[in-house]
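Below: one structure, written as structure tokens.
In the numbering used here, the protein residues as written are 10 to 164.
Now the structure itself:
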């Protein structure tokens, strides 16, 4: 069982919500808060990788999928860059993880994800959410569903 208090969990989601608004994504702003076993906290949003320029044409069409890194992986990569181990960490994220992020979460050794419930009926993301759920479940990641204010989840 994880020893992180409910207060820390609430703080983590609040930090994820706070950092989400820093995202340059014009369609959906996502935030993530990674709490490592030693208590270190790393926050990240969906954004361009370090050094990659935010240009208008990179927001067009599927540009946001090609040019931007998802918040979950951005936090995991930041931990790696800073020399932190992610095994046993927990992650709060403001949008249910995609397939790529789910794989990264499992392989990073993250043990718990707090996230809004997946919208399995969503015509764009529903099928992917089903697969993400399977990856997280089979990968041994505890998923705790949280509710976010409507103004945050719209997008």
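Using N, Cα and C, we set each Cβ at its ideal position, and we do this for glycine too.
Check                                                                                                                                                      : Outcome
In the structure shown, what three-state DSSP assignment does residue 101 receive?                                                                         : strand
Does the separation of the CB atoms of residue 52 and residue 25 fall below 8 Å?                                                                           : yes
Which residues share a DSSP beta bridge with residue 52?                                                                                                   : 42
From residue 30 to residue 158, what does the alpha carbon distance come to, in whole angstroms?                                                           : 14 Å
Exposed or buried, residue 127, counting other C-beta atoms within 10 Å across all chains shown (16 or more means buried)?                                 : buried
Name the two residues that bound the continuous beta strand (DSSP E) containing residue 107.                                                               : That residue, residue 107, is in no beta strand (DSSP E); it is neither H nor E in DSSP.
In whole angstroms, what separates the C-alpha of residue 85 from that of residue 95?                                                                      : 7 Å
If you measure between the beta carbons of residue 100 and residue 43, is that distance less than 8 Å?                                                     : yes
Can you tell me whether residue 136 is buried or exposed? The criterion is at least 16 other CB atoms within 10 Å of its CB, across all chains shown.      : exposed
If I measure Cβ to Cβ from residue 21 and keep anything under 6 Å in the same chain, skipping five residues before and after, which residues do I get?     : 42, 44 and 101
Assign residue 106 to one of two classes, buried (16 or more other C-beta atoms within 10 Å of its C-beta) or exposed (fewer than that).                   : buried
Using only the alpha-carbon positions, how far apart do residue 66 and residue 72 sit?                                                                     : 7 Å
Grab me the residues of residue 76's own chain with a C-beta within less than 7 Å of its C-beta, minus the 5 sequence neighbours each way, in chain order. : 57, 61 and 67
Among 46, 47, 69 and 33, which residue has its Cα nearest to the Cα of residue 55?                                                                         : 33
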